[in-house]
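Peer 1:
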Amino acid sequence: MTTALYPGSFDPPTNGHVDIVTRAAAVFDKVVVGVYDTPAKTLLFNTSERVALMREAIKDLPNVKVMSFSGLTVDFAREVGAKVLVRGLRALSDFEMELQMASMNRNLDPNIEVVCLMTSPQYTFLSASLTKEIRKLGGDVRNLVPTHIADALDRKFDGRDNSDTIPRFLET
Ligand code: ADP
74 MTTALYPGSF
84 DPPTNGHVDI
94 VTRAAAVFDK
104 VVVGVYDTPA
114 KTLLFNTSER
124 VALMREAIKD
134 LPNVKVMSFS
144 GLTVDFAREV
154 GAKVLVRGLR
164 ALSDFEMELQ
174 MASMNRNLDP
184 NIEVVCLMTS
194 PQYTFLSASL
204 TKEIRKLGGD
214 VRNLVPTHIA
224 DALDRKFDGR
234 DNSDTIPRFL
244 ET
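Heads up, the final residue of the sequence shown is numbered 245 in my numbering, and it's a clean run with no missing numbers.
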């Protein structure tokens, strides 16, 4: 049985991330989405929010589990029994960074392979940071993220919510 770990910040998860998880879940027996606790970037959503948003996004995939982690990705991979790290590649610019990270991870643990899935063409331009920026400036991002994440962005940026109550998946 092959378990793959898909690590990232997912601040917030986008349709591009969900596409990668869905495709990884079709290739590997089990996929763990690792939500990195403290990435070197300013976060909009805290860790439990990012985990809850991702859980809701992938709830129909029975072989996918979402967990948060801190520390080295390779250590977390070993902890969950993953021999494969999944990453998504959009453009050449992603490749350089992914190659550097994959090489560093190989240096840390040569038993863990990195598998990069090419982005689906409709998501080449899509990033979490651009999505936040567009939404912050009042742009429509509803075709870039799942509905519950667009709602969560509304709540963050202008306190507006399209649902009557706080969604169950965000209750702690
Ligand atoms: P990180 O902060 O580690 O880059 P991200 O959440 O931004 O984490 O991304 C996690 C992974 O998902 C990365 O491998 C990234 O390249 C990939 N990814 C992000 N957006 C897309 C997309 N639109 N299509 C395919 N892969 C993507």
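Every residue gets a Cβ at the ideal spot worked out from N, C-alpha and C, and that includes glycine.
1) What's the C-alpha gap between D237 and D224?
2) Once DSSP output is grouped into helix, strand and coil, what is the label at T220?
3) Using a Cβ-based criterion (distance less than 7 Å to any ligand heavy atom), does P85 qualify as near the ligand ADP?
4) Using the C-alpha atoms, what's the distance from E122 back to E129?
5) Put K229 into one of helix, strand or coil per three-state DSSP.
6) From the DSSP output, in three-state form, read off K138 for me.
Peer 2: In terms of the structure at hand:
1) Along the sequence shown, read from residue 1 onward, the residue named residue 237 stands at position 164. Along the sequence shown, read from residue 1 onward, the residue named residue 224 stands at position 151. Because D237 carries a pLDDT of 44, less than 50, the predicted location of this residue cannot be relied on, and the following value inherits that uncertainty. Roughly 11 Å separates the two Cα atoms.
2) Here the question's residue 220 lines up with position 147 in the sequence shown. T220: helix per DSSP, three-state reduction.
3) In the sequence shown, residue 85 corresponds to position 12, counting from 1. For P85, the Cβ stays outside the 7 Å cut-off from all heavy atoms of the ligand ADP.
4) Counted from its first residue, the sequence shown places residue 129 at position 56. Counted from its first residue, the sequence shown places residue 122 at position 49. If you take the alpha carbons of E129 and E122, they lie about 11 Å apart.
5) On the sequence shown, position 156 is the one that residue 229 refers to. In the displayed model, K229 falls within a helix according to three-state DSSP.
6) Your numbering for residue 138 matches position 65 in the sequence shown. Looking at K138 - three-state DSSP - the assignment turns out to be strand.
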